[in-house]
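Okay, structure first, notes after.
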Amino acid sequence: MTSKRSYELIYGYRHCFKENVYSAGYVRTRKEAQEWADQGNRGIISVPRPSDEESISCPALSCPLKGQSPWFSYRRL
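Using numbering that gives the first Met the number 0, you'd call the opening residue of the sequence shown number 0 and step up by one each time.
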């Protein structure tokens, strides 16, 4: 991480047993981070679902979280 990167773009999936969070990169300004999160939460942008994402392999036959969309946010570094 360099001093030029001040916000981490994050997304994740909620599960019945925990929440997984993934990093999607870094931006310099809060405005950039907010715009990215807003676009993601409105469905304008998407991210690839990690192949090891646990919601895919949930053992519950009718788990409503298997087909969910990720949430998007950011955090200051």
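We treat Cβ as the ideally placed atom computed from N, Cα and C, and that holds for glycine.
Checklist entry - Just reading off the alpha helix (DSSP H) that Gly39 is part of, what are its end residues? => result Arg29 to Asn40
Next on the checklist: What does the alpha-carbon distance come out to for the pair Lys17 and Trp70?
Outcome noted: 14 Å
Item to check | 8 Å contact criterion, which Ser72 and Ala36 should meet: CB distance rounded | outcome: With 8 Å as the limit, Ser72 and Ala36 qualify as a contact, their Cβ atoms being about 5 Å apart.
Next on the checklist: Considering only the alpha carbon of each residue, which of Tyr12, Val26 and Arg74 lies closest to Val20?
Outcome noted: Tyr12
Next on the checklist: Nearest by alpha-carbon distance to Arg27: which of Pro58, Leu8, Pro47 and Gly39 is it?
Outcome noted: Leu8
Item to check | DSSP-derived helix/strand/coil call for Phe71 | outcome: strand
Checklist entry - Can you pull the DSSP bridge partners for Tyr20? => result As written in the sequence, residue 20 is Val, which differs from the Tyr given in the question. DSSP lists Gly11 as partners of Val20.
Item to check | 7 Å Cβ cutoff met for Ser5 and Leu76 | outcome: yes
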